[in-house]
Every structure is written in C-alpha cells, then in structure tokens.
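Q: If you read the protein sequences in the order shown, they are chains A and B.
At position 315 of the first sequence (counting the first as 1) the number is 315 in my numbering, and the numbers step up by one without a gap.
At position 64 of the second sequence (counting the first as 1) the number is 1064 in my numbering, and the numbers step up by one without a gap.
By construction, the Cβ of each residue, glycine as well, lies at the ideal position given by its N, Cα and C atoms.
Here the structure is a predicted model, which is why all the values come from computation and not from measurement.
Below is a structure I'd like to ask you about.
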Amino acid sequence: MTTRQLLLGIELLVLLACLVLALSVIWSKVTRLRRERRTAQSLAPVRGALIELAAGEPGGLRILRSARGKTADAIDEAAVALLAKVRGEPANQLVTVLEDHGALERAKAEVSHRSPVRRARAVQLLGLARVEDSTALISEALEDEASEVRASAAYAASYLADPWLAAPLLRSVGTGEGIPAGLAADALLEMGVEIAPVLRAAMRNPAPRTRMVAAHVAGVGTFVQALPELRELIAADPDVTVRVEAAEALGSIGQDSEVELLARHTRPDQPTDLRRACAEAMGRIGSPLAHDDLVHLLDADDPRLAEMAAESLVAIGPRGMATLDGRRDEPAAGTALVLAALRAGQR
Amino acid sequence: MTGMKGHAVAMPDGARVLIADDDPDIRDLVEFKLTQSGYAVEAVADGLAAWESFQAERPALVILDVMMPGLSGIDVLRKIRDSEHGAVPVLLLSAKSRDSDVDTGFAVGADDYVIKPFSPRELLHRVNGMLARAR
C-alpha cells in the first residue's frame, strides 16, 4: 500500500465517522421531535383543563385525575413543567393529579434507578411537588455519583426548604465536581434562620467551596451569629476566594467594630482581591471610622483599589465626600464624585 | 370584581392587557386567568412582538417576561417608558429572583415585579390594583 492510498483510506475513514456522527445527531433530533409531537397529541384534548387548573380553576380536575395511559404520562410531564411556574393552590392541585397517576411513588422508586437522567428527573419531581417524606431521598441524592443528580437534588432542596438538608447540601457543594455554588446558596437561603449552626460549622469544613458558600450565605442571609467565623476566615483561611467572600459578607452584616479588621486586610502585604473586597466592605458598613484607612488607600498602587476606596468614602458620608472634594483632581476621587453626582441625579 | 366597602377595586371593563412571555404555558394561563376576569388579553411570544403590539394596541397594562428572545422584557420596558404612552402600568413577571434583578426592574421603571413560580390569583389582584390606581 502506497502512502497516497493510506492517506486516502484515512480520509475515507474520517469522512465516514463524520457521516455517522451527523446521522446520529439527526436521528436523535428526529426521535426527540417525534416524541414531543406524540406527547403534544396525547395532551391536546386535556391541555385546556390543565392550563385552567394551573390558573387556579379546578373545573377539569376530575378528568385530569382519572386519565390513564399515554394521556396520563403526557399530563404528568406537563404538570411537572407547570409546577416550576406556579405556586399556591394551583400547584397543590397539580400535585394531586401527579399523586393520582402514581407519578410521585414512581419518582421515589426511581431515585435509585441505574440511569442518572431518570434519577435526576425523579429527584427534581420530588422537590417540585414538595413531597415532605422525600427529605432522606434528596439527602442521598446530594451525594450521588452523577453531578446532574446532585444538581437536581440541590434544586429540589430549594423547593423543600427543609433545614435538615443544609448539612448534606454544604457537604455536597465541596466534593468533587460540586454542585454549582449559586444553586446551593439559593437553596440554603430558602431554609431560614434554623441553619445558622450548620453554616457556622461549614465555615470550618476542609473543602474551600463549602466554606465559601457558607460565608456567602451568611452575608446575604444576614446570619449575624456567624460573625466570629467570618472574622476567622478573613484572617486565616488558606484560600483567598474564601477570604474575599468572608470580607464581602462582613461588609453586608458587620458594624463599626469590623472596620479595624477589614482595614488591616487592605495593607499591601495582603492579596489584591482581598484588599479590594475589604475596601468595598468598609464602604458597605458605612462607618466614619473607616475614613482614615480609606484615605490612605487613595494612594494605592492598584488603581482599582484606589477607585473602590474612593467609592467607599462616598458611602461613609459627608466627611468622606469632603475629603474627595479636596482631591477631586485625582482620577479615583474625581470618578467617585462624578458617579455620586449621577446617582444623586437619578434619585 | 368588587372590593370591600372603602377598598373598591375597578371592574376590568374589557381593559386591554398585553402579556409577553416566550413560555406558552405562562402565556396561556395568564391569558385564561385575565380573560376569565373580564380583561381583553393580547398574548405574544417575544419582545419585538410585544413592542409592536404595544404601539398598535395601546394596552391599558403590560405584563412582560424579563428573559425573552430578541428584545428582553427590560429592553421593551425601556422603549415603553421612552415612548409617547410611557405612563402605562408595567408588571415584570420573571424567574430572575435576586435582589439585583428586582432592583434593575424597578430602576428601569417597572410598577411591579412578580417572581416565578407565581400565584395566578395574586397576579390578578396586582393587575386589578395597578389598573385601579392608574385610573
């Protein structure tokens, strides 16, 4: 075999592989479209009743509850989608339809299905339907080997809002390809003040993402009980991201007493991101005690840090504004004054 | 719809309401709820259609999803506020639930902001109230 023949053979193989790939993509799309069309056809006779139910008019409830076979499957699929869109009594009515069709019992069984897609769907349904006795199943799902199942379980936890799920959720966010931090934080914020002890413990967890999410939630959720842990994280956490998150949280919930700690971490020997976060946090606290430290930062080598210090001087009130006014020819001070004037004009 | 004495809420009187949402379920259930309560509802699936319908129909109230293809609900709201009929009440209906999202909606000029999942009954009360205040 000549080199040319060999190259031709390779080209043909690549072409064939591309063709197979294109055909498989087309096939999967056609299959999905056909399935969607079949589902829509099965749903069509009862979709009006389902929409009315979701709008709070239960006139067609009996028809929906008594449906069986493909129609029931189509109703269940549409009802699950609607559960993510409506709340209150309409959502409760949708859940009764799913109960009557056995969808919730099937979901409980499918949490241990071998297919991760089926497990993720089952967990999602249990959450959307707020099935109270499914907390243990959701907790297990938070430790599932498949990331899509863990993410689905975090989503379910936000619907169930059971504080008991806070600890497994925080553990899960820190392991392997953890669930998205934002998703975990949103779920934790739904769980209320009862999770304060769990949050505080999570700030000592070995996983940086767990500590970061706990710090973030402490700030956004105004968990003032966590102030001691936030102070420790800023001062000594080995991960800069965690320290930055703790500084932001302290800016949200801290008071005058935190200014000294924050100011100490704006010094040049500290990481740039932490210095910036602390400068911003001092402005969010809004304490005049931060004045001198912020003025010092106007001369920082990092122009962004100087800008943030100037913005924080605006936030601390008249004394900060007067200082900026005296230095209005400097870029950071001038920009902050212009922004402050624009904001005042918008109000 | 009649309210209690001293808290009367205006009757819909066929007032025109424009709802723009790319989700057909939301469009259909809001349309059903408001139509059943006596409103004349125009439902469209994207921001551009919403803007065109607003100019042509001059609805008494507009309900906008925030995340839509083409023009977003925020884009449409900006255009409405800059238009000749910019005083029309506008309610944003969105899955975007963070404080910053809500702040943005009100900063751009929304009169109300309802987060999905939402209660259709509560939405109706808000629509009734907004129109009553606008009259």
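According to DSSP, simplified to helix, strand and coil, what is L179(A)?
A: In the first sequence, residue 179(A) corresponds to position 179, counting from 1. As written in the sequence, residue 179(A) is Ile, which differs from the Leu given in the question. Three-state DSSP puts I179(A) in coil, outside helix and strand.
Q: Buried or exposed: which applies to M1130(B), given that a residue is buried once 16 or more other Cβ atoms fall within 10 Å of its Cβ?
A: Within the second sequence, the letter at position 130 stands for residue 1130(B). By the 10 Å Cβ count, M1130(B) comes out buried.
Q: Where DSSP assigns a beta bridge to S1094(B), which residues make up the other side?
A: Here residue 1094(B) is taken as the residue at index 94 of the second sequence, counted from 1. I1115(B), per the DSSP bridge assignment.
Q: Distance check for A81(A) and P197(A), CA to CA, integer angstroms please.
A: Position 197 of the first sequence holds residue 197(A). Position 81 of the first sequence holds residue 81(A). Answer to the nearest angstrom: the Cα atoms are 35 angstroms apart.
Q: L82(A) CB to nearest chain B CB: under 8 angstroms?
A: Taking the first residue of the first sequence as position 1, residue 82(A) is located at position 82. At least one chain B Cβ lies under 8 angstroms of L82(A).
Q: Please name the residue in Q1036(B), V1066(B), R1081(B) and A1040(B) whose C-alpha comes closest to that of G1047(B).
A: Looking up residue 1047(B) in the second sequence gives position 47. Residue V1066(B) is the option with its Cα nearest to G1047(B).
Q: With a floor of 4 residues, list each alpha helix (DSSP H) that falls wholly inside the stretch 95 to 155 of chain A, ordered by position along the chain.
A: Complete alpha helix (DSSP H) runs here, min 4: 103 to 110, 116 to 128 and 135 to 141.
Q: Cβ atoms of L1092(B) and G1070(B): under 8 angstroms apart, would you say?
A: By one-based count along the second sequence, residue 1070(B) stands at place 70. By one-based count along the second sequence, residue 1092(B) stands at place 92. Cβ atoms of G1070(B) and L1092(B): not closer than 8 angstroms.
Q: Would you say L1029(B) reaches chain A, if we count a Cβ-Cβ gap shorter than 8 angstroms as a contact?
A: By one-based count along the second sequence, residue 1029(B) stands at place 29. Closer than 8 angstroms: yes.
Q: Just to confirm before moving on: does the CB-CB distance between L160(A) and I138(A) stay below 8 angstroms?
A: Here residue 160(A) refers to the residue found at position 160 when the first sequence is read from its first residue. Here residue 138(A) refers to the residue found at position 138 when the first sequence is read from its first residue. Cβ distance < 8 angstroms, so L160(A) and I138(A) count as in contact.
Q: May I ask you to verify whether the stretch 174 to 187 of chain A touches the stretch 141 to 158 of chain A, counting CB pairs closer than 8 angstroms and requiring at least 3?
A: In short, these stretches touch, since the Cβ pair count reaches three.
Q: So, for G56(A): in the same chain, excluding its five sequence neighbours on each side, which residues have a beta-carbon less than 7 angstroms away from its beta-carbon?
A: Looking up residue 56(A) in the first sequence gives position 56. Cβ within range, chain order: E89 and P90.
Q: Kindly identify the DSSP beta-bridge partner or partners of A1020(B).
A: Sequence index remark: in the second sequence, residue 1020(B) carries index 20 (1-based). In DSSP, A1020(B) forms a bridge with V1044(B) and L1064(B).
Q: Going along the chain, which residues of its own chain have a beta-carbon closer than 8 angstroms to the beta-carbon of S1119(B), five neighbours each way excluded?
A: Mapped onto the second sequence, residue 1119(B) falls at position 119. Same-chain partners within the cutoff: there are none.
Q: Does any C-beta atom of chain B lie closer than 8 angstroms to the C-beta of R87(A)?
A: Locating residue 87(A) in the first sequence gives position 87, where the first residue counts as 1. Cβ-Cβ to chain B under 8 angstroms: yes for R87(A).
Q: Please tell me whether A1045(B) and R1027(B) are closer than 8 angstroms, where the distance is taken between their beta carbons.
A: In the second sequence, residue 1045(B) corresponds to position 45, counting from 1. In the second sequence, residue 1027(B) corresponds to position 27, counting from 1. Taking 8 angstroms as the Cβ cut-off, A1045(B) and R1027(B) qualify as a contacting pair.
Q: Using only CA atoms, which one of G60(A), L33(A), R34(A) and V240(A) lies nearest to P45(A)?
A: For the purposes of this step, residue 45(A) is taken as residue 45 along the first sequence, with counting starting at 1. Out of G60(A), L33(A), R34(A) and V240(A), G60(A) has the C-alpha closest to the C-alpha of P45(A).
Q: Output the boundary residues of the alpha helix (DSSP H) element that contains H291(A).
A: The residue you call residue 291(A) lines up with position 291 of the first sequence. Taken as a continuous stretch (DSSP letters only), the alpha helix (DSSP H) holding H291(A) covers H291 to L297.
Q: Grouping DSSP H, G and I as helix and E and B as strand, with all else coil, what is V1088(B)?
A: On the second sequence, position 88 is the one that residue 1088(B) refers to. In the structure shown, V1088(B) sits in coil (DSSP, three-state: anything other than H, G, I, E or B).
Q: Could you tell me which whole alpha helix (DSSP H) segments of length 4 or greater appear in the stretch 11 to 85 of chain A?
A: With a minimum length of 4 residues, the continuous alpha helix (DSSP H) runs that stay inside the stretch 11 to 85 of chain A are 61 to 66 and 69 to 83.
Q: Note down the Cα distance separating L64(A) from D162(A), rounded to an integer number of angstroms.
A: Along the first sequence, one-based indexing puts residue 64(A) at 64. Along the first sequence, one-based indexing puts residue 162(A) at 162. Going by the C-alpha atoms only, they are around 30 angstroms apart.
Q: Compare the C-alpha of D1112(B) against each of S1094(B), V1090(B), E1122(B) and S1037(B) and name the closest.
A: Working through the second sequence from its first residue, we reach residue 1112(B) at position 112. The shortest C-alpha separation from D1112(B) is found at V1090(B).
Q: Could you check which residue in R68(A), A109(A) and V131(A) has the C-alpha nearest to that of V95(A)?
A: Locating residue 95(A) in the first sequence gives position 95, counting from the first residue. Comparing Cα positions, the closest option is V131(A).
Q: To which residues of the same chain is A207(A) closer than 6 angstroms at the C-beta, ignoring the five residues directly before and after it?
A: Taking the first residue of the first sequence as 1, we reach residue 207(A) at position 207. Contacts found: G174.
Q: Going by CA-CA distance only, name the one from P303(A), R209(A) and C278(A) that's closest to S312(A).
A: Along the first sequence, read from residue 1 onward, the residue named residue 312(A) stands at position 312. When only C-alpha atoms are compared, the closest one is C278(A).
Q: So which residues on chain A does D1025(B) lean against when the C-beta distance must stay under 8 angstroms?
A: Locating residue 1025(B) in the second sequence gives position 25, counting from the first residue. Residues of chain A passing the Cβ test: I51, A54, A78, A81, L82 and K85.
Q: Can you name the residues of chain B whose CB is closer than 8 angstroms to the CB of A277(A)?
A: Indexing the first sequence from 1 puts residue 277(A) at position 277. Result: empty, since nearest Cβ-Cβ is about 17 angstroms, beyond 8 angstroms.
Q: Any contact between the stretch 247 to 267 of chain A and the stretch 213 to 228 of chain A? By contact I mean 3 or more CB pairs, one from each, below 8 angstroms.
A: Touching, yes, given that three or more Cβ pairs across the two stretches are closer than 8 angstroms.
Q: Taking all protein chains shown into account, do 16 or more other C-beta atoms lie within 10 angstroms of the C-beta of G283(A), making it buried, or fewer, making it exposed?
A: By one-based count along the first sequence, residue 283(A) stands at place 283. Its Cβ being crowded by 16 or more others within 10 Å, G283(A) is buried.
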